[in-house]
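Residues 1 to 324 (our numbering) make up the sequence shown, in order.
We put the CB at the ideal spot given by N, CA and C, even for glycine.
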Amino acid sequence: MSTHPLRLGLLGCADIAWRRTLPVIQCEPAVELVAVAARDMAKAKVFADRFGGQAVEDYRALLERPDIDAVYIPLPAGLHREWIVRTLNAGKHVLVEKPLTTRHVDTVEVLELAGSRGLTLMENLTSLRHGLHTAVQDLVSGGEVGELRMLSAAFGFPPLSPKDIRYRPDLGGGALLDVGVYPLSTAQRFLGPDLEVVGATLKQDPEYGVDVSGDVLLRTPDGRTAHVAFGFEHGYRCDYALWGSGGRIFVDRAYTPPPTWHPVIRLERQDEVRELTLPPEDQFATTLRAFLRAVSTSEQPADAEVAIRVQAQLVDQIRDRAQA
């Protein structure tokens, strides 16, 4: 195991990098930001001045640098497949914003490429690694709600700026890929990977040409169900509920809790209501540490890759069902 910090390059100066990921990287001694690449050199310099590293004008030039071990890619979803492939072929590990790619076939391709090259490829879907969800899983496994029967999950917020890239179909925009993946990941976490899309709707915006909201019904082979909802045209909502034979668990602020937020789990049973308050956690820091472990050990949990593949498959099924 190397005792030197992981030398990281940033490919694309996105808002999520500025607000959440780079501040965490800056505070982590096991990683060093070496270079920042953007289409706009002035923007690259702003990022480099704030977080360190050298500003680079060209993405390809960054990938050619021998002093970079790994690359963080917060580019629009529609560009992920191309730049994941380029980065892996350059011999560098990849941490990429969600979704990994926009299609199941592309997700399988990049995962297999990473495996063949012995490189780490991780999706930065940070909510998956927050301890809140592990605590909920422990309650379910401990029988606190009896047998789990049904799950509901939702993530939505008001319309975005008309210039937001999430309204760009050529860049992989749309609510399904941006916010729908969060409640879908919840369904998979608690109901397992054998989910089938029973029905789906996607509301297309005729002006932008992307889906701005959606609803999905899923089921497992043994008859348990999940309903997930998402969109860009709602009052803010970010929660999920688990309904079992003996009770219910409800979690608010489930997917994007601030690092100072104390998550609350509400447990409701016939003669009891309990609220469990957990310590705050920065899920971006937790994900970064998971990435660093995977790189240093050359190992990733097998269930993490399965989850990514299943998620991509569900997204394709939703599109197919919604168009039928």
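Which term fits residue i, buried or exposed, when burial requires 16 or more other beta carbons within 10 angstroms of its beta carbon?
| i | result |
| --- | --- |
| Lys163 | exposed |
| Arg60 | exposed |
| His80 | buried |
| Gln300 | buried |
| Glu123 | buried |
| Gln188 | buried |
| Gly156 | buried |
| Thr21 | buried |
| Gly235 | exposed |
Measuring CA to CA, which of the options is closest to residue i?
| i | options | result |
| --- | --- | --- |
| Val210 | Gly231, Val264, Arg248, Pro193 | Gly231 |
| Leu202 | Leu8, Val212, Leu217 | Val212 |
| Thr220 | Pro257, Ile165, Phe190 | Phe190 |
| Gln283 | Gly143, His262, Arg166 | His262 |
| Asp178 | Val108, Asp271, Leu267, Leu100 | Leu100 |
| Ser296 | Met41, Arg39, Gly118 | Gly118 |
| Pro23 | Arg266, Ile308, Leu288, Ser127 | Leu288 |
How is residue i classed by DSSP in three states: helix, strand or coil?
| i | result |
| --- | --- |
| Tyr72 | strand |
| Gln313 | helix |
| Ala30 | coil |
| Ser152 | strand |
| Tyr255 | coil |
| Trp18 | helix |
| Glu112 | helix |
| Met1 | At Met1, the pLDDT of 46 sits below 50, so the modelled position is not reliable and the matter cannot be decided from this model. |
| His93 | strand |
| Arg289 | helix |
| Trp83 | helix |
| Arg60 | helix |
If contacts are defined as beta-carbon pairs under 8 Å, then residue i and residue j qualify, I think. What distance do you get, rounded to the angstrom?
| i | j | result |
| --- | --- | --- |
| Gln54 | Val34 | 7 Å |
| Ala154 | Asp239 | 6 Å |
| Ala70 | Leu95 | 7 Å |
| Leu160 | Arg168 | That pair is no contact at about 11 Å. |
| Gly247 | Arg149 | Incorrect: roughly 11 Å between the Cβ atoms, too far for contact. |
Subject >> Length at least 3, wholly inside the segment 201-227: the beta strand (DSSP E) runs in chain order >> reply: 211-219
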